[in-house]
Amino acid sequence: MKINNLVIAIDGTAASGKGTLGKKLAESYKIPYLDTGNLYRSVASLMLSANVDLNDQEIAIKIAKSLDLKTVNVFNNRNIEVTNASSLIAQFEGVRNVLLDFQREFAKDGAVVDGRDIGTVVLPSSDHKFYITASSEVRAIRRFEQYKENNEKIDLKTIKYDIEARDKRDKERIIAPLKIADDAIIIDTTNLSIKSVFDFAVMHIDNK
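Heads up: the sequence shown runs through residues 96 to 303, numbered per this note's numbering.
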């Protein structure tokens, strides 16, 4: 079924299951899906490819302004270097402002959007808000499996350290920090299956 103009915001920590839930909800309700992390990873990937200083906010803003969905689909990259760089770029106020417009335009006719500040900053009037989290140990294992599929060699201890460092940066940054919206439904996926998380979210959406 499709519910016209339905907007679902999903926020949460890295590797908590935001994207998995977001894709399944978008498919179920037949509305577009946007992983906003792809936007920041695309900027990071393009900056790394051009071998420019990751601290150069002006270049980051220029690249962010040039993004469209096709570019995002091509340059989105989840390797370790890009993921870490995107977390740094996400702290730039100018970049966030540019991508804020991109995200709001994408969701204007209904969408599932996931990120760090969707329910609090990007789409505060969303019809439904979820905050997804899980223990850092479980999230590290999930990310380890992703990297292994991409033939990237990195040990579990390092991944856990990187995830916890990312959490700290996301929660403590001055601009649009990661936090739980007052009206968000919190789902801890540590011990839950994908189906259990999806079923719970659908039950909430359909019964609200």
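Positions of the beta carbon are idealized from the N, C-alpha and C atoms, including for glycine.
Around the CB of SER221, 16 or more other CB atoms lie within 10 Å, so the residue is classed as buried. In this structure, DSSP gives THR215 a helical state, which the three-state scheme calls helix. In this structure the region 219-239 lies against the region 263-280, because at least three pairs of beta carbons, one per stretch, are closer than 8 Å. Sequence-distant partners of VAL193 (beyond 5 residues in either direction) whose C-beta falls short of 8 Å from its own C-beta, in its chain, are ILE156, ALA159, LYS160. Proximity of the region 275-295 to the region 203-219 meets the contact definition, three or more beta-carbon pairs being nearer than 8 Å. Assignment of alpha helix (DSSP H) within the region 138-172, counting only whole runs of 4 or more residues, yields 152-161, 164-170 in chain order. In the structure shown, GLY132 adopts helical secondary structure according to DSSP, grouped into three states.
ASP204 sits in coil when the DSSP states are folded into three classes, being neither helix nor strand. By the CB criterion at 9 Å, LEU101 and HIS223 fall inside the cutoff.
Spanning the alpha carbons of ASN302 and SER291 requires a straight line of approximately 16 Å. LYS224 sits in a strand when the DSSP states are folded into three classes. By the C-beta criterion, the region 182-192 is judged to be in contact with the region 135-142, since at least 3 inter-stretch pairs fall below 8 Å.
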